[in-house]
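J.:
Numbering (the working numbering), first residue to last: 19 to 434.
What follows is the structure, given as structure tokens:
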């Protein structure tokens with residue numbers, strides 16, 4: 019489903035509802051669709067006589083760890099059955115103020131963390147996962163239900179599903195988008211991101227969230243670092259071929275590709291990510307483990323019980339090394355416009371598991387902005403994406419670089 023910047027909000031909602039009705043019995047992207055509320059909001063927009071905001075009339079799906087006033091907020095957990103918040107999360111309120119229409123809530127791994135997997139299917143192959151934890155949001159955009167959906171990332175939960183589903187996924191610099199009203203997992207890592215079917219809409223969303231406008235790119239050729247990561251040998255043969263094919267295509271399109279053999283402290287970052295994730299995750303779920311132990315999934319009890327495995331000294335070491343790695347990364351890529359790296363080891367696996375996060379976790383810990391570009395295919399024509407990464411706070415410049423790459427490759431899409 020393609021939605022213009024503004025045609026008729028009501029028409030957009032009707033089109034989205036028709037698509038969901040036709041497809042979601044198989045895709046299962048949605049936990050809740052507010053057709054009445056969405057139509058009322060759309061009619062109110064149309065009654066104003068035209069475009070009202072940069073996202074006027076754009077339908078949005080919201081991952082069900084993010085509060086939307088008047089809609090269930092379950093976190094895919096029996097602990098929150100029947101809970102309906104009275105206020106929007108900050109990110110949702112910002113989208114509404116820009117004219118977006120909130121259509122409903124999308125499926126997620128329990129608490130965007132562990133426990134119960136989402137039941138959503140990959141629209142390209144219903145036997146395969148769309149990735150997690152932002153499974154429903156990725157599937158909804160990939161299958162054309164909505165042009166925009168909110169996601170979150172603590173490890174790889176925005177970028178990896180984008181790769182598996184063949185869509186654009188954007189994880190902004192940590193801390194730039196409000197997490198008020200979003201279930202916390204690991205405070206030092208959690209980031210609100212989003213999925214779109216094109217980069218023009220992605221950039222409009224960046225602007226709505228107040229991310230600084232980037233100056234125009236200069237006439238000089240783009241310079242992109244090629245970083246295969248220390249886990250290249252764990253890529254599937256199809257994943258390796260897809261990544262190398264994208265790098266070669268970019269070089270053939272006039273992009274200067276610069277091999278990067280190593281980055282400062284990078285080999286330690288997944289271990290440090292895990293230490294921070296488990297220690298902060300234990301804090302996030304401690305109260306539920308104490309007050310509602312019978313309904314809390316065993317995975318979260320394990321996290322709480324693992325507190326002693328990550329003592330203060332280990333947490334301090336992880337945070338200190340991550341801080342050094344952030345500045346080290348930015349020094350190492352001076353003179354480059356972005357870094358190209360794998361988004362996932364290969365195509366989406368069969369089943370409903372979220373997928374392997376190790377290709378995403380270091381960038382999350384570095385707090386860097388990341389965009390997934392749906393530029394390749396693997397076995398059976400399944401999507402494989404690649405990541406472009408930039409220094410912190412270069413978010414919209416990263417989107418501009420990504421757009422330039424797509425234009426050079428002849429892959430730009432019309433704006434949603």
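In this text, a Cβ means the ideal position worked out from N, Cα and C, and glycines have one as well.
(1) Mind checking who residue 167 pairs with in its DSSP beta bridge?
(2) Determine the extent of the alpha helix (DSSP H) in which residue 381 is found, giving its start and end residues.
(3) Assuming residue 354 and residue 242 form a contact by the criterion Cβ under 8 Å, report the distance between their Cβ atoms to the nearest whole angstrom.
(4) Taking the beta carbon of residue 66 as the centre, do at least 16 other beta carbons fall within 10 Å, making it buried, or is it exposed?
(5) Within its chain, find whatever has a CB closer than 8 Å to the CB of residue 231; leave out the 5 residues flanking it on each side and keep chain order.
(6) May I ask you to report which of helix, strand or coil DSSP gives residue 286?
(7) Between which two residues does the alpha helix (DSSP H) carrying residue 279 extend?
(8) Just the C-alpha distance for residue 118 and residue 77, rounded to the nearest angstrom, thanks.
(9) Apply the 10 Å Cβ neighbour rule to residue 3 and answer buried if 16 or more other Cβ atoms are within range, or exposed otherwise.
(10) In this structure, does DSSP put residue 405 in helix, strand or coil?
(11) Could you pull out every unbroken beta strand (DSSP E) segment of at least 3 residues lying fully inside the segment 326-361, listed in chain order?
(12) Can you tell me which of the three DSSP states residue 249 falls into?
(13) Beta carbon of residue 151, beta carbon of residue 124: below 8 Å?
(14) Could you give the C-beta distance for residue 382 and residue 209, rounded to a whole number, given that I count them as a contact under 8 Å?
(15) Out of 211, 29, 376 and 110, which has the shortest C-alpha to C-alpha gap to residue 252?
(16) How is residue 19 classed by DSSP in three states: helix, strand or coil?
(17) Give the single residue among 45, 44, 75 and 192 whose Cα lies nearest to the Cα of residue 58.
(18) Tell me where the alpha helix (DSSP H) around residue 272 begins and ends.
(19) Can you have a look at residue 299 and say buried or exposed, based on whether 16 or more other CB atoms are within 10 angstroms of its CB?
(20) Assign residue 214 to one of two classes, buried (16 or more other C-beta atoms within 10 Å of its C-beta) or exposed (fewer than that).
(21) Can residue 128 and residue 315 be called in contact, C-beta distance under 8 Å?
(22) Given 7 Å as the limit, tell me if residue 147 has its C-beta closer than that to any heavy atom belonging to the ligand GTP.
(23) Could you pull out every residue in the same chain whose Cβ sits closer than 6 Å to the Cβ of residue 297, ignoring the five residues on either side in sequence?
(24) Indicate the three-state DSSP secondary structure (helix, strand or coil) for residue 195 in the structure shown.
(25) Can you list, in chain order, the residues of its chain whose CB lies under 7 Å from that of residue 368, leaving out five sequence neighbours each side?
(26) Are residue 199 and residue 139 close, meaning C-beta to C-beta below 8 Å?
(27) Once you ignore the five residues that flank residue 397 on each side, which residues in its own chain have a CB closer than 7 Å to its CB?
(28) Is it buried or exposed for residue 247, if we count other Cβ within 10 angstroms and need 16 for buried?
(29) Can you tell me whether residue 95 is buried or exposed, with buried defined as 16 or more other CB within 10 angstroms of its CB?
(30) If residue 418 sits next to residue 387, beta carbons under 8 Å apart, how far is it from one beta carbon to the other, in whole angstroms?
(31) Where in the segment 123-193 do unbroken runs of the alpha helix (DSSP H), each at least 4 residues long, occur, reported from the N-terminal end onward?
(32) Distance check for residue 240 and residue 283, CA to CA, integer angstroms please.
(33) Out of 378, 97, 320 and 276, point me to the one whose CA is closest to residue 350's CA.
(34) Report yes if the C-beta distance between residue 48 and residue 122 is below 8 Å; otherwise report no.
(35) Which same chain residues end up closer than 6 Å to residue 319 when comparing Cβ atoms and leaving out the 5 residues on each side of it in sequence?
(36) Rounded to a whole number of angstroms, what is the C-alpha to C-alpha distance between residue 330 and residue 313?
T.: According to the structure data:
(1) Mapped onto the chain shown, residue 167 falls at position 149. Answer is 79 and 213, bridged to residue 167.
(2) For the purposes of this step, residue 381 is taken as the residue at position 363 of the chain shown. Counting along the chain, the alpha helix (DSSP H) containing residue 381 begins and ends at 379-383.
(3) Within the chain shown, numbered from 1, the residue matching residue 354 stands at position 336. Within the chain shown, numbered from 1, the residue matching residue 242 stands at position 224. Correct: roughly 7 Å between the Cβ atoms.
(4) Sequence index remark: in the chain shown, residue 66 carries index 48 (1-based). Classification for residue 66: exposed.
(5) Along the chain shown, one-based indexing puts residue 231 at 213. For residue 231, where only same-chain residues beyond five positions count, the Cβ hits under 8 Å are 225 and 414.
(6) Counting from 1 along the chain shown, the entry for residue 286 is found at position 268. Reduced to three states, the DSSP call for residue 286 is helix.
(7) For the purposes of this step, residue 279 is taken as residue 261 along the chain shown, with counting starting at 1. Run containing residue 279: none; DSSP gives neither H nor E here.
(8) Residue mapping note: residue 118 aligns to position 100 of the chain shown, counting from 1. Residue mapping note: residue 77 aligns to position 59 of the chain shown, counting from 1. Distance between the alpha carbons of residue 118 and residue 77: 6 Å.
(9) Outside the shown range of the chain (19 to 434) lies residue 3, about which nothing can therefore be said.
(10) If you number the chain shown from 1, residue 405 lands on position 387. Strand at residue 405.
(11) 356-360
(12) Position 231 of the chain shown, counting from 1, holds the residue named residue 249. Here residue 249 sits in coil by DSSP.
(13) Within the chain shown, numbered from 1, the residue matching residue 151 stands at position 133. Within the chain shown, numbered from 1, the residue matching residue 124 stands at position 106. Against a cut-off of 8 Å, the Cβ pair of residue 124 and residue 151 comes out as no contact.
(14) Indexing the chain shown from 1 puts residue 382 at position 364. Indexing the chain shown from 1 puts residue 209 at position 191. Contact holds; Cβ gap of about 7 Å.
(15) For the purposes of this step, residue 252 is taken as the residue at position 234 of the chain shown. Comparing Cα-Cα distances from residue 252 to each of 211, 29, 376 and 110, the minimum goes to 376.
(16) Taking the first residue of the chain shown as position 1, residue 19 is located at position 1. Because the pLDDT of residue 19 is 48, which lies under 50, any placement of that residue in the model is unreliable, and the number read from its coordinates should be weighed accordingly. DSSP places residue 19 in coil when its eight states are reduced to three.
(17) Counting from 1 along the chain shown, the entry for residue 58 is found at position 40. Comparing Cα-Cα distances from residue 58 to each of 45, 44, 75 and 192, the minimum goes to 75.
(18) As a working mapping, residue 272 is identified with position 254 in the chain shown. Unbroken run through residue 272: none, as it is neither H nor E.
(19) The residue given as residue 299 occupies position 281 in the chain shown. Buried, since its Cβ has 16 or more Cβ neighbours within 10 Å.
(20) Your numbering for residue 214 matches position 196 in the chain shown. Label assigned to residue 214: buried.
(21) Within the chain shown, the letter at position 110 stands for residue 128. Within the chain shown, the letter at position 297 stands for residue 315. Taking 8 Å as the Cβ cut-off, residue 128 and residue 315 qualify as a contacting pair.
(22) Only the bare structure without any ligand can be found here, which leaves the ligand GTP out of the picture.
(23) On the chain shown, residue 297 is found 279 positions in, with the first residue counted as 1. If we look at residue 297 and ignore the five residues flanking it on each side, its Cβ neighbours are 328 and 333.
(24) What you label residue 195 is simply residue 177 of the chain shown in a count that begins at 1. Coil at residue 195, not helix or strand.
(25) Here residue 368 refers to the residue found at position 350 when the chain shown is read from its first residue. Once the five neighbours on either side are set aside, the close Cβ partners of residue 368 are 145 and 146.
(26) What you label residue 199 is simply residue 181 of the chain shown in a count that begins at 1. What you label residue 139 is simply residue 121 of the chain shown in a count that begins at 1. No, the pair does not count as a contact, with Cβ atoms beyond the cut-off.
(27) By 1-based counting over the chain shown, the position of residue 397 is 379. Excluding sequence neighbours, residue 397 sits near 256 and 365.
(28) Here residue 247 refers to the residue found at position 229 when the chain shown is read from its first residue. Buried, by the Cβ-count rule.
(29) Taking the chain shown and counting its residues from 1, one reaches residue 95 at position 77. So residue 95 ends up on the buried side.
(30) In the chain shown, counting from the first residue as 1, residue 418 sits at position 400. In the chain shown, counting from the first residue as 1, residue 387 sits at position 369. That belief does not hold up - the Cβ atoms of residue 418 and residue 387 are roughly 12 Å apart, past 8 Å.
(31) 153-160 and 177-183
(32) Indexing the chain shown from 1 puts residue 283 at position 265. Indexing the chain shown from 1 puts residue 240 at position 222. If I take the Cα positions, the gap works out to 26 Å.
(33) On the chain shown, position 332 is the one that residue 350 refers to. Measuring from the Cα of residue 350, the nearest candidate turns out to be 276.
(34) For the purposes of this step, residue 48 is taken as residue 30 along the chain shown, with counting starting at 1. For the purposes of this step, residue 122 is taken as residue 104 along the chain shown, with counting starting at 1. Yes. Within cutoff.
(35) Locating residue 319 in the chain shown gives position 301, counting from the first residue. Answer for residue 319: 307, listed in chain order.
(36) Here the question's residue 330 lines up with position 312 in the chain shown. Here the question's residue 313 lines up with position 295 in the chain shown. The alpha-carbon atoms of residue 330 and residue 313 are separated by roughly 29 Å.
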